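Take a look at the structure set out below.
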Amino acid sequence: MRYGKVTINFLIIAGFIGFVDTAAFIQHTLVLKVTVFPRYFIVPSLLGLIFGSIIVLIIYYHAKARDTVKFESLAKKDYLTNTLNRYGVELLFEQEEKRFHRTQKPFSIIMFDIDRFKMINDRYGHKEGDRVLKELTQCVKSELREMDILSRWGGEEFIVLLPEAGTDDIEEISERIRRRVAEYDFKLDMAVTISLGIITATKQCEIHCLIEKADEALYRAKERGRNRVEKASAV
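For the sequence shown, numbering that gives the first Met the number 0 assigns the number 0 to the initial residue and increments by one for each residue that follows.
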């Protein structure tokens, strides 16, 4: 359907330009009082077709490029929390890993999820669970630096990329996030808390190794009582 519209637009524009060129040509010949032969219509019509084709192709590929950028942006977004999704943040991880190898400036990762989130969904329904996820996102963002990237890793699990954040930075920021969520009023008759696993890259590393270690630290936080921060060993 879309390509059919492009073809129709092409014919309309090309035909219009050809008509204008032809009309201008005829007017010019009449003013000069030169005899007009049918073959005189061929050149301006062809020029109109060529220029019309160029204009249509420019418009088409510009719209296509704009749509591509739009779809790529949507593909990297989590529709519920309006954060990056897993695909989007993995692309940033790759960039940050390359930057780290080049500059040796440390970066950190926070992985966290909501404690007993299934209980929230079971007791209040998925609509309320979605509301908690959205409000939690805003809570966490309020404690992050402008350069930090929050993304939804999957379900109730999130991950934060903190460029140029060392060990002291990550411990302070993660504890601030934990406390902010624990103190926030989600308007439920049960507490909403998060458990966090953190790690800082301090030497050559593979990003997937860092994520795995942050995940292990997160589950240690779960095992040790939830609503706490656990630090993974440095890499």
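Positions of the beta carbon are idealized from the N, C-alpha and C atoms, including for glycine. Computed from a predicted model, the values in this text were never measured in an experiment.
query	result
Residue 108 vs residue 172 beta-carbon contact at 8 angstroms	no
Neighbourhood of residue 78 by C-beta, 7 angstroms cutoff - its chain only, sequence neighbours within 5 removed	none
Cβ pair residue 229, residue 185 closer than 8 angstroms	no
Assigned secondary structure, residue 195 (DSSP; H/G/I helix, E/B strand, else coil)	strand
Proximal residues to residue 183 (C-beta, below 6 angstroms), its chain only, five neighbours per side dropped	138
Three-state class that DSSP yields for residue 177 in the structure shown	helix
Unbroken beta strand (DSSP E) run spanning residue 240, endpoints	Past the boundaries of the shown model lies residue 240; the chain is included only from 0 to 234, so the question cannot be answered.
Close Cβ partners of residue 119 (< 8 angstroms) along its chain, the five nearest in sequence each way excluded	113, 127, 128, 131, 187, 189, 191
Cβ neighbour criterion (16 or more within 10 Å) applied to residue 102	exposed
Nearest neighbour of residue 167, chosen from 200, 141, 140, 81 [CA to CA]	200
Rounded C-alpha distance that separates residue 160 from residue 149	7 angstroms
Beta-carbon spacing of residue 202, residue 232 below 8 angstroms	no
Beta-bridge pairing of residue 154 - partner residues as DSSP gives them	Beta-bridge pairing links residue 154 to no other residue.
Limits of the unbroken alpha helix (DSSP H) element including residue 142	Element bounds for residue 142: n/a, residue is neither H nor E.
Spatial neighbours of residue 223 in its chain, beta-carbon cut-off 8 angstroms, leaving aside the 5 residues before and after	229
Cross-strand partners of residue 148 (DSSP beta bridge)	160
Simplified DSSP assignment, three categories, for residue 83	strand
Local conformation of residue 231 per DSSP, three classes	coil
Proximity below 8 angstroms, CB of residue 175 to CB of residue 193	no
Exposure label - residue 151; buried when at least 16 CB within 10 Å	buried
Whole-angstrom C-beta distance between residue 153 and residue 85, which should lie under 8 angstroms	6 angstroms
Neighbourhood of residue 249 by C-beta, 8 angstroms cutoff - its chain only, sequence neighbours within 5 removed	It is not possible to answer for residue 249, since the shown part of the chain is limited to 0 through 234.
Unbroken alpha helix (DSSP H) run spanning residue 212, endpoints	206-222
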